[in-house]
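Structure, as structure tokens:
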Amino acid sequence: MLSGQGSTLFAGINAVIGLLVAIQLWLVSAALEALFSNEISAVVPGFIASLFLFIVNAGLYAHGRSFDQRRRAALRGSKAAREDAS
Numbered sequence: 005m006l007s008g009q010g011s012t013l014f015a016g017i018n019a020v021i022g023l024l025v026a027i028q029l030w031l032v033s034a035a036l037e038a039l040f041s042n043e044i045s046a047v048v049p050g051f052i053a054s055l056f057l058f059i060v061n062a063g064l065y066a067h068g069r070s071f072d073q074r075r076r077a078a079l080r081g082s083k084a085a086r087e088d089a090s
């Protein structure tokens, strides 16, 4: 994968994480509002949806982190190979 492609993928993952965090914050505020107005039936679905988004965010974060580590290792390997060649 080219360096530019990796940066684009990493930026895309970060953008999706940011969007999902904003949705998750909206869900939490809606669930708290429902809880304070004694509408308990709306709290559980909000919690389940928020938990699902948390799991998706954790997976995206882990993927982005492992991708970054692999990319850095590849860059270090290619740099060492160039130094050995010269």
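The opening residue of the sequence shown carries number 5 in the working numbering; numbering runs sequentially from there. Backbone N, C-alpha and C fix where the C-beta goes; we use that ideal spot for every residue, glycine too. Only a predicted model underlies this, so the values are computations on that prediction, with no experimental measurement involved.
Rounded to the nearest whole angstrom, the C-alpha separation of R76 and P49 is 40 Å. A Cβ-Cβ contact shorter than 7 Å links L31 with S54. Look at S41 here: in three-state DSSP terms it is coil, with no helix or strand label. About 11 Å separates the CB atoms of L57 and V20; that is not less than 8 Å, and the two are not in contact. Note that the C-beta distance between A35 and V25 is not below 7 Å.
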